[in-house]
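Residue numbers (the UniProt record's numbering): 1 to 952. What follows is a short report on a single structure.
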């Protein structure tokens, strides 16, 4: 082989081992082939396994162990490795390479020769000495050879090398031993490699992820938080994460880091912007050259400084060029009419490089000496205004007569107030002549009739001459001043005739002298009297009004009525009648938080022009929808859009002119009420719970007043925000998802939620506000029991039967009697005897104002149970043993656990708590609930049948 070939091979080998040690996901804990000296493992008995030197398949010297005592029966030869410290590993891989002799090739060993051996391990926190105690080892597997060799193979060096890999874990101690048990085979253990897998540190999306040991399970993914590289920061609400797989591979990158302002990405690092460049926002990808009239002489800048004489307004972005104030306005001219001056001009020759030029006027009244001028003060009136003028003209009125004025007109832009240079303006000097009279400031309404009004007023404070007449301007208030009439008067009073009865009018008055009319004074509003229509008596009038009301002819103002969107032929017309159409570009979907009947439910942000962005929930219509599904989907928005109440979920708007079709509502951070209560079981005071109930009742009172019947009021359809405000939701016309058979009971006309529905609604489908009150009583029970399932594990048919027989839910744990009585009132069979939502709100308000009414008496039952016995409930008195009971509820797998814990009788089982059940090693939540539900029924039957001492 040539030197060049050798060199090439060496480079290849180097690259191969570089990859293995620096990119392979494996961390080697033990490799017997890598050790050239004696391994010195423990062999028991010493005459069993033997350590020898040998060559591997590549003729490399190695240390191996072999045993071949196949002639004698009952072999039990053990070989134990040295102690192996596992480090951070939880899941260990053991790779064995070995050869095994075919028993058929050995004469006279029938019955004693084996072709397998056993692999064991023992976990310890430190070395335990050289004695091997077989009972302390845990068997991993029996190892068999895929290929065995014969005597002939030895001569031809065709020994067949077997490779087997086994996994140990999860491990909890600091280290472990491996042990190999020979039971009569002819084996050569060529190599033993012990390793675990990890994901090596990497940089991804400008985030550093450290070395991470894989999880303990084959399918586990270890979530790892990334740390932004230098000069980078996390993207808003999108922190970097990756997942380390069981095979040592990085998967599922989430989020990212972005370079800070002043820095841009180059490879896996953030580098500063060079001189003359900047990056204003971390959202920008690259650095930009400094805008016009700006510079910077440092690296890593987020903005550029303006040159001398140039400025950047506070509202200007860093990308804006620096600008300067404009020059003075041009061609200033004026027109004077007694004490009114009109100024006009043309724009400045230089706008300073900006488009936000406006104008402001400074007025000074001067003596004949130009140096003695004072500000005009508040008497001068500017039209349209004194400053912020966008047009190139202004009128100044109510100046003093026979006075000298100087007017300065200055052009300003967004940087004028930042400039330290001298102001530039155009100026004129003007002398006024005789002034018109000032305003008539006070007008008095003397009397009012159906068609006439008499007014009087005082002479203006500054008549500025002899007043010859007054002008009264008047118009109907609804018409504003688009159409008006005038009346003249020589004196300070006048009567205005020919008005309409029952009509609001606005009156203004101005005075006239030789100098002209003054300005109109303040507005006075007067409503004329009603016109008489006949001589109906008081009693007769009331009867007439009552008749008109009950027949729908009269509607009282202020009452908003719910309109069923199903009455519209076109659902698009209905949804746009009641809901606001949003631009899809204003909506940012961030993550999926659930699945609805028609598609996904997501959280995100809504940013409307001119408003701050807000958190919202977004319901989307899945792809491939039918026209009926689209109609049903938008129907909920048509309903919600009619409601406006703090305890009813608010509709922000809809997207119907794009895909996906969306309904956007306010975001309720704590989700549905039932799940929220179960998550925080026992963490609220009674007052807090009653406050939640009060909010729900207030929302339902509002809906009831509008004439809306919810039909599906339940804790799952109440949403909770971050301030614990509860809001009624789910206005999808009581549609229920078909894949939940336990939640509904099918009748003619559809499915209904039995456990929350009033008796008349179940039997006759009569849904009214009174049936919503029944459902509200169930919601009260859900809230006070922290989200427990109404009627527990009773079937829907059993619930219907029990309610018909007069059974009602008992008071939940620690529920005040007054609250339970209110629940019972809501569950009255006669719907006319149930309270109205307005009464419920009043009752809850009184309880909140008087907390003493919410105290629970001592001795209240701490756990609700059902005393009802029916054919579908097992009769526990017929069971002879705990085993019979477990078989009846299909939990016989736990027989041994109950027996080992000493539960030998049904009486002892009836006293068990959830903690006792969990102590038996029953970890499945569904099994825990099923066993505890059965135990509660068992208690109820014992109390019902024997009236004895099982403590509930």
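Beta carbons: idealized from backbone N, C-alpha and C, even for Gly. Since this is a predicted model, take the numbers as computed values, not measurements.
Check	Outcome
Limits of the alpha helix (DSSP H) - the one that residue 841 falls within	837-849
Short Cβ contact (8 Å threshold) for residue 472 with residue 455	yes
Inside the stretch 591-662 only - alpha helix (DSSP H) runs reaching at least 4 residues	627-640
Ordered list of beta strand (DSSP E) runs contained in the stretch 77-103, each at least 3 residues	77-80, 92-100
Cβ-based burial, residue 142 [other Cβ within 10 Å; buried from 16]	exposed
Cβ-Cβ separation, residue 518 to residue 439 (assumed contact under 8 Å), whole Å	6 Å
Cβ contact (3+ pairs, closer than 8 Å) linking the stretch 718-726 and the stretch 786-797	no
Residue 85 versus 139, 27, 69, residue with shortest Cα-Cα distance	27
Rounded Cβ spacing between residue 448 and residue 357 (contact assumed at less than 8 Å)	In fact, because the Cβ distance is near 51 Å, the residues do not count as touching under 8 Å.
Pick from 634, 594, 601, 583 that is closest to residue 609, judged by C-alpha positions	583
CA nearest to the CA of residue 267, picked from 206, 48, 922	206
Test: residue 436 CB closer than 8 Å to a CB of chain D	No chain D appears in this structure, which consists of one protein chain only.
C-alpha distance - residue 261 paired with residue 605, whole-angstrom precision	24 Å
Proximity below 8 Å, CB of residue 148 to CB of residue 115	yes
Exposure label - residue 893; buried when at least 16 CB within 10 Å	exposed
Per-residue burial, residue 421 [other beta carbons within 10 Å of its own, 16 or more giving buried]	exposed
Bounding residues of the alpha helix (DSSP H) (the contiguous stretch that carries residue 374)	Unbroken run through residue 374 is the beta strand (DSSP E), 373-375; no alpha helix (DSSP H).
Simplified DSSP assignment, three categories, for residue 337	strand
Alpha-carbon to alpha-carbon, residue 301 and residue 234	19 Å
The stretch 38-57 contacting the stretch 210-225, beta-carbon criterion three pairs below 8 Å	no
As assigned by DSSP and simplified to three states, the class of residue 796	helix
Of the listed residues 105, 92, 102, nearest to residue 121 (C-alpha basis)	92
Beta carbon of residue 249 nearer than 8 Å to that of residue 186	no
Under the three-state DSSP convention, the category residue 192 falls into	strand
Status (buried if at least 16 other CB within 10 Å, exposed otherwise) for residue 59	exposed
Three CB pairs or more closer than 8 Å across the stretch 383-399 and the stretch 335-350	yes
Residues bridged to residue 238 (per DSSP)	235
Residue 572, enclosing alpha helix (DSSP H) - first and last residue	571-578
Reference residue 171, options 188, 387, 196, closest by Cα	196
Cα-Cα separation, residue 1002 to residue 67	With the chain represented from 1 up to 952, any question about residue 1002 goes unanswered, as that position is not in the structure.
At least three beta-carbon pairs within less than 8 Å, the stretch 345-363 to the stretch 315-329	yes
Residue burial classification, residue 939 (beta-carbon count within 10 angstroms, cutoff 16)	buried
Residue closest to residue 572, alpha-carbon to alpha-carbon, out of 637, 344, 511	637
8 Å Cβ shell around residue 771 - same chain, five flanking residues per side excluded	709, 711, 757, 758, 760, 761, 831
Identity of the residues DSSP links to residue 199 by a beta bridge	212
Nearest-angstrom Cα separation, counted from residue 783 out to residue 934	23 Å
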